[in-house]
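Engineer: Let me give you the structure first, and then I'll get to my questions.
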DNA sequence: GCACCTCGAGTTCA
DNA sequence: CTCGAGGTGC
């Protein structure tokens, strides 16, 4: 089809344009049905061909693009993907880098002397996605996102090789599968050769290429990129007719293969940990010849029951580790070491590097964390150092190439005056009245310009006033419009619009964003204050415990320590904060300027307002499980018995806590009483 | 008192 | 992601 011919033929053009209208309607209808997770009235193949046809007409006559459904994704006009909650938390894995660490892991999980069998498989370097099937039909595809919410990339997922639109075998009610989207090295090479020829920017590496491609707004571009999907986990399977139960992860693999998924062929069940090492060596040798990039091997306990027992702790499951092959390392020169001042006053040394290309990006800075770290590494300014990217993102200085020294290197000295405000620097936490020496150095000036700046940024971030970034904040301060963040809430559009280079529209956006966030959740309010040692999690705990700012303001150190995971140091820091007049003035100013706190919505449940203390061992469940049950039902779990404790749940071999409960007259319940409460 | 785990705070680049 | 430090269980 040549465009010239059609453009010259008016009749043909008219025909195509009216044809486009029909196509648009059909495509929109399909997208709508699809979005509601209904069964669309046409097959995916037909849909595909409709899209292709319309796309072709659009390139011939761009005017057709107006209100075209191809300019949107998933049936709604949006420039981003919809966020959808995962059915489970998508965890990552704990990394190990040597056989020794693998053994450490094995010893740790084998405390009860269990002879686990293992399953090893490649860790493909791509993008983690989750696929949902209903009655064997693909209904949704999600990215990992933050682990809790993923992006709905259903349309794009259909364009990936190895993603079955329909599953083989018996019809199953619902099945959820997780796997990796990768770009094969060969495809990557071809695309880059092409990009180079046409003067377009090159793709950095296969992983970025895969993840960038999947997030394209146009599914047909995704198709062009020739991505591949490899499944590695069956997340859930629900079927009312047949109860299919698997014993091992390896059985799930076989099943996934049977119903039509592509799996990497290197997955292997291994009986002994020594054989795991052989497997690792073998893969390391072969891995360059694989069609896709790998960044390691996943070693996991094969038995699903054992996995349940071991559970998930922190960022990843205990029953699995990722054995990582050495990441790319390069050398560069430390040109200088500068010092940043954070909102808590901490001075952080940062290495300024001779820019180098590593793992797909150019790195010019790397944090050195603190003086101890610099001394441990024996770093000097002018040194040649080895760097790598931790987790493939954050540059990390690994060590010095001592042979490259020429004697001109200079030692780094922590400044005695704050680089921002020239106040004295101390090697202890100045936000706390504790005298213990710490690793970090602090600026002692509570009104330090750098600290203030960071605190302001923190405040607007926590209040989700994203329209105001650091630059605008600085500007408002310089122009004298604000002296502290409380002043933001009295700004009006005219104030901003008067500023140079400030559009009407952006002024309006900023003001409405501020107003939209005047009514704030209690935990955000607490977090935004920037109290030392009080981060997001602690703020949530405090908000749920005290419910109202008045209660928090009059709380004593021991009141606050009641909350689980808050001890003396943190509660003292909080009490000190509110004891300071300037802080109280600031809070009052916020209220005066219109900030209000939303009522804390308590998770309703039979245990709301009840504080439990657990002691001893339980028969039917672990303490961890009991705690989970209590929290799920709106209760709290504390670790000290006090007059505020509602119940002490005493299991076998309970100790001093039960006595303490007796002394204070707190109700003591046994495990069976607890179970009867549900 | 030690060994865990969790949290806070600072950080990089596209 | 990393490090340090606080909190808690044993």
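Residue numbers (my numbering): -19 to 658.
Don't be surprised by glycine CBs; every beta carbon is placed ideally from N, CA and C.
#1: With a Cβ-Cβ cutoff of 9 Å, do residue 209 and residue 119 count as a contact?
#2: Would you kindly work out how many angstroms separate the C-alpha atoms of residue 473 and residue 434, rounded to a whole number?
#3: Can you name, in chain order, every residue of its own chain whose Cβ lies under 7 Å from the Cβ of residue 318, other than the five neighbours on each side?
#4: Using only alpha-carbon positions, find the residue among 104, 150, 214 and 249 that is nearest to residue 267.
#5: Just curious, the alpha helix (DSSP H) that residue 288 is in, first and last residue?
#6: Determine, using beta-carbon pairs with one atom in the region 183 to 200 and one in the region 250 to 259, whether at least three such pairs fall under 8 Å.
#7: Counting Cβ pairs closer than 8 Å, one from the region 107 to 117 and one from the region 255 to 272, do we hit at least three?
#8: Assess, as a yes-or-no matter, whether the region 303 to 317 is touched by the region 354 to 372 under the definition of 3 or more beta carbon pairs within less than 8 Å.
#9: Hey, residue 339 and residue 73: beta-carbon distance below 9 Å or not?
#10: Any idea what DSSP makes of residue 18, helix, strand or coil?
#11: Using a Cβ-based criterion (distance less than 8 Å to any ligand heavy atom), does residue 281 qualify as near the ligand GTP?
#12: Output needed for residue 66: all residues of its chain with C-beta closer than 6 Å, excluding positions within five of it in sequence on either side, in chain order.
#13: Output yes or no for whether 9 Å exceeds the beta carbon distance between residue 730 and residue 522.
#14: Which value, in whole angstroms, describes the spacing of the CA atoms of residue 592 and residue 539?
#15: With a cut-off of 8 Å on the beta carbons, I'd call residue 283 and residue 97 a contact; round off their distance for me.
#16: Are there 16 or more other CB atoms within 10 angstroms of the CB of residue 375, so buried, or fewer, so exposed?
#17: Out of 101, 190 and 212, which has the shortest C-alpha to C-alpha gap to residue 162?
#18: Between residue 222 and residue 149, what straight-line distance do the alpha-carbon atoms span, to the nearest angstrom?
#19: Rounded to the nearest angstrom, what separates residue 380 and residue 145 at their Cα positions?
#20: Compute the Euclidean distance between the alpha carbons of residue 397 and residue 463, then round it to the nearest angstrom.
#21: Taking the alpha carbon of residue 443 as the reference point, which residue from 576, 78, 231 and 609 has its own alpha carbon closest?
#22: Quick check: residue 304 and residue 79, are their CB atoms within less than 9 Å of each other?
#23: Need the endpoints of the beta strand (DSSP E) that residue 590 sits in, please.
#24: Starting from residue 664 and walking both ways along the beta strand (DSSP E), at which residues does that stretch end?
#25: For the alpha helix (DSSP H) that contains residue 463, what are its first and last residues?
#26: Can you tell me whether residue 203 is buried or exposed? The criterion is at least 16 other CB atoms within 10 Å of its CB, across all chains shown.
#27: Does DSSP put residue 455 in a helix, a strand or coil?
#28: Quick one: measure Cβ to Cβ for residue 450 and residue 459, integer angstroms, because I've assumed they're closer than 8 Å.
#29: Straight-line CA distance for residue 402 to residue 370?
#30: Can you find the residues in the same chain that come closer than 7 Å, C-beta to C-beta, to residue 554, ignoring five residues on each side of it along the sequence?
#31: Between residue 233 and residue 155, what straight-line distance do the alpha-carbon atoms span, to the nearest angstrom?
#32: Helix or strand or just coil, what does DSSP make of residue 626?
#33: Apart from the five residues just before and just after residue 224, which ones in its own chain have a Cβ nearer than 7 Å to its Cβ?
#34: Judging by CA-CA distance, which residue of 350, 580, 465 and 549 is the nearest neighbour of residue 531?
#35: For residue 160 and residue 287, I'd like the C-alpha separation in whole angstroms.
#36: Once DSSP output is grouped into helix, strand and coil, what is the label at residue 385?
Structural biologist: Answer, in terms of the structure:
#1: Residue 209 sits at position 229 when you count from the first residue of the first chain. Residue 119 sits at position 139 when you count from the first residue of the first chain. No, the Cβ-Cβ distance between residue 209 and residue 119 is not below 9 Å.
#2: For the purposes of this step, residue 473 is taken as the residue at position 493 of the first chain. For the purposes of this step, residue 434 is taken as the residue at position 454 of the first chain. If you draw a straight line from the Cα of residue 473 to the Cα of residue 434, it is about 25 Å long.
#3: Reading the first chain from its first residue, position 338 is the one you call residue 318. Scanning its chain for C-beta atoms nearer than 7 Å, with the 5 sequence neighbours on each side dropped, one finds around residue 318 the residues 330 and 332, in chain order.
#4: By 1-based counting over the first chain, the position of residue 267 is 287. Relative to residue 267, the option among 104, 150, 214 and 249 whose CA is nearest is 104.
#5: Your numbering for residue 288 matches position 308 in the first chain. For residue 288, the uninterrupted alpha helix (DSSP H) run begins and ends at 284 to 290, by DSSP.
#6: The region 183 to 200, when compared against the region 250 to 259, does not touch it at the 8 Å Cβ threshold.
#7: At 8 Å Cβ cutoff, the stretches do not touch.
#8: A contact exists between the region 354 to 372 and the region 303 to 317.
#9: Translated into the one-based positions of the first chain, residue 339 becomes position 359. Translated into the one-based positions of the first chain, residue 73 becomes position 93. Residue 339 places its beta carbon 9 Å or farther from that of residue 73.
#10: Mapped onto the first chain, residue 18 falls at position 38. Residue placement at residue 18 cannot be trusted, given a pLDDT of 41 that sits under 50; the coordinates are not used to answer.
#11: In the structure on display, the ligand GTP does not appear, and there are no ligands present to speak of.
#12: As a first step, residue 66 must be located in the first chain, where it is residue number 86. Around residue 66: 130.
#13: The requested residue 730 is not part of the displayed model; the chain covers only -19 to 658.
#14: The count along the first chain starts at 1 and reaches residue 592 at position 612. The count along the first chain starts at 1 and reaches residue 539 at position 559. Straight-line measurement puts the Cα of residue 539 at about 16 Å from the Cα of residue 592.
#15: Stepping through the first chain from its first residue, residue 283 is reached at position 303. Stepping through the first chain from its first residue, residue 97 is reached at position 117. About 7 Å; that satisfies the 8 Å criterion.
#16: For the purposes of this step, residue 375 is taken as residue 395 along the first chain, with counting starting at 1. Buried.
#17: For the purposes of this step, residue 162 is taken as residue 182 along the first chain, with counting starting at 1. It is 190 whose Cα lies nearest to the Cα of residue 162.
#18: One-based indexing of the first chain puts residue 222 at position 242. One-based indexing of the first chain puts residue 149 at position 169. Those two C-alpha atoms are separated by around 13 Å.
#19: By 1-based counting over the first chain, the position of residue 380 is 400. By 1-based counting over the first chain, the position of residue 145 is 165. A direct Cα-to-Cα measurement between residue 380 and residue 145 gives close to 52 Å.
#20: Residue 397 sits at position 417 when you count from the first residue of the first chain. Residue 463 sits at position 483 when you count from the first residue of the first chain. Inter-residue distance for residue 397 and residue 463 is about 24 Å (C-alpha atoms, whole angstroms).
#21: As a working mapping, residue 443 is identified with position 463 in the first chain. If you compare the alpha carbons of 576, 78, 231 and 609 with that of residue 443, the shortest gap goes to 576.
#22: Taking the first chain and counting its residues from 1, the one referred to as residue 304 is at position 324. Taking the first chain and counting its residues from 1, the one referred to as residue 79 is at position 99. Not in contact: residue 304 and residue 79 (Cβ atoms no closer than 9 Å).
#23: On the first chain, residue 590 is found 610 positions in, with the first residue counted as 1. It is not in any beta strand (DSSP E) - residue 590 carries neither H nor E in the DSSP assignment.
#24: Outside the shown range of the chain, which is -19 to 658, sits residue 664, and nothing can be said about it.
#25: Along the first chain, one-based indexing puts residue 463 at 483. Looking at the DSSP string, residue 463 is not in any alpha helix (DSSP H), and its letter there is neither H nor E.
#26: For the purposes of this step, residue 203 is identified with residue 223 of the first chain, where counting begins at 1. Counting Cβ neighbours within 10 Å, residue 203 comes out buried, since at least 16 surround it.
#27: The sequence position of residue 455 within the first chain is 475, counting from 1. Secondary structure at residue 455: helix, using DSSP grouped into helix, strand and coil.
#28: If you number the first chain from 1, residue 450 lands on position 470. If you number the first chain from 1, residue 459 lands on position 479. That pair is no contact at about 15 Å.
#29: Here the question's residue 402 lines up with position 422 in the first chain. Here the question's residue 370 lines up with position 390 in the first chain. Going by C-alpha positions, residue 402 is about 33 Å away from residue 370.
#30: By one-based count along the first chain, residue 554 stands at place 574. So the qualifying residues of the chain are 511, 514 and 540.
#31: Numbered from its first residue, the first chain carries residue 233 at position 253. Numbered from its first residue, the first chain carries residue 155 at position 175. Rounded to whole angstroms, residue 233 to residue 155 spans 14 Å at the Cα level.
#32: The residue labelled residue 626 in the question sits at position 646 within the first chain. Assignment of residue 626 by DSSP, reduced to helix, strand and coil, places it in the coil class.
#33: Taking the first residue of the first chain as 1, we reach residue 224 at position 244. Here residue 224 has 217 as same chain residues with Cβ atoms under 7 Å from its own Cβ, once five neighbours each way along the sequence are excluded.
#34: Residue mapping note: residue 531 aligns to position 551 of the first chain, counting from 1. From the listed residues 350, 580, 465 and 549, the smallest Cα separation to residue 531 is found for 580.
#35: Position 180 of the first chain, counted from the start, is the residue given in the question as residue 160. Position 307 of the first chain, counted from the start, is the residue given in the question as residue 287. Roughly 21 Å separates the two Cα atoms.
#36: Start at 1 with the first residue of the first chain, and residue 385 comes out as number 405. When DSSP states are grouped into helix, strand and coil, residue 385 belongs to the coil group.
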